[in-house]
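Notes for the one structure printed next.
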Amino acid sequence: MRVAESLLAAVCVLGGCAIQGPSGQASGRVDPYDTKGREISDRGISMTALLEASDQATMAIAERINSTFASHSTKVVIELGWIKNVTNTPSSDFEMLRRRVTGRLINSEAVRHVAKIMESPEAMDQQAGRFAQAAAPDRLDESTSSEGTATNRYSASDTYLLNGEFREALRGGASTYYLEMTLTNLQTREIVFAQPFDFKQVR
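Numbering (numbering that gives the first Met the number 0), first residue to last: 0 to 202.
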């Protein structure tokens, strides 16, 4: 038996053949728009779908932003609003989707021409408390309030919230998703822009 194994090994060496185990799916870096392996049966929403949804939302906002804010004489302010997640997917996935939209809008000349996109006021207040020079106390001020350092706030009429709502309807082994990104005026509560994205995912 050992003689036969030796002969087989010699033939493989001379013939250039390779002895390998079962072929599996290659690991490492892949196209983020490709769905791979166990992703197909994962309980969460397809990452490919999230990327496509963020692409569509970014393009739609960039295309319509001038007409949407034509009534404003100055630049409008876009703040990050709420995320409403009624799915079995972690909310952090949808936060990533919105952050991807935000990053691309910031780098769009068409958007920056009419809008200023802001970071979270809570996060920036915290950073201002760390890095900004504190104002000298007013010794004539007898008030007892001790407000923390606050970064700039803007008129509610010029402020729009970039909100996201994400829903899932489950039927058997399939989920139908509805994803929606909106821009809503803070003062009037009017939704001036909505980008829907829906699809079905079978596991």
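Think of the CB as a built atom: it goes at the ideal place given N, C-alpha and C, for glycine as much as any other residue. Here the structure is a predicted model, which means the values were calculated and not measured.
Exposed or buried, residue i, counting other C-beta atoms within 10 Å across all chains shown (16 or more means buried)?
| i | result |
| --- | --- |
| PHE130 | exposed |
| TYR176 | buried |
| LEU169 | exposed |
| VAL76 | buried |
| VAL100 | buried |
| GLY20 | Unreliable placement is indicated for GLY20, whose pLDDT of 45 sits below 50; no coordinate value is reported for it. |
| ALA69 | exposed |
Please identify the residue among the options whose C-alpha is closest to the C-alpha of residue i.
| i | options | result |
| --- | --- | --- |
| ARG85 | ARG152, LEU49 and GLY163 | In the sequence under discussion, the amino acid at residue 85 is Val, which differs from the Arg named in the question. That would be GLY163, whose Cα lies nearest to the Cα of VAL85. |
| TYR159 | SER174, ILE60, ASP197 and GLN132 | ILE60 |
Would you give the residue range spanned by the beta strand (DSSP E) that residue i belongs to?
| i | result |
| --- | --- |
| ASP197 | 190-201 |
| ALA114 | 114-116 |
For the alpha helix (DSSP H) that contains residue i, what are its first and last residues?
| i | result |
| --- | --- |
| VAL75 | Premise fails: VAL75 lies in the beta strand (DSSP E), 75-85, not in any alpha helix (DSSP H). |
| ALA61 | 46-67 |
| ARG28 | First-last for ARG28: undefined, no H or E at that position. |
| ASP41 | Looking at the DSSP string, ASP41 is not in any alpha helix (DSSP H), and its letter there is neither H nor E. |
If we require 3 or more residues per run, which beta strand (DSSP E) segments fall completely within the segment 142-181? 158-170
Cβ contact (3+ pairs, closer than 8 Å) linking the segment 92-99 and the segment 107-118: no
Tell me, please, whether the segment 68-84 touches the segment 40-54 by the rule of three or more beta-carbon pairs shorter than 8 Å. no
I'd like to know if the segment 114-125 and the segment 183-190 are in contact, where contact means that at least 3 CB-CB pairs between them fall below 8 Å. no
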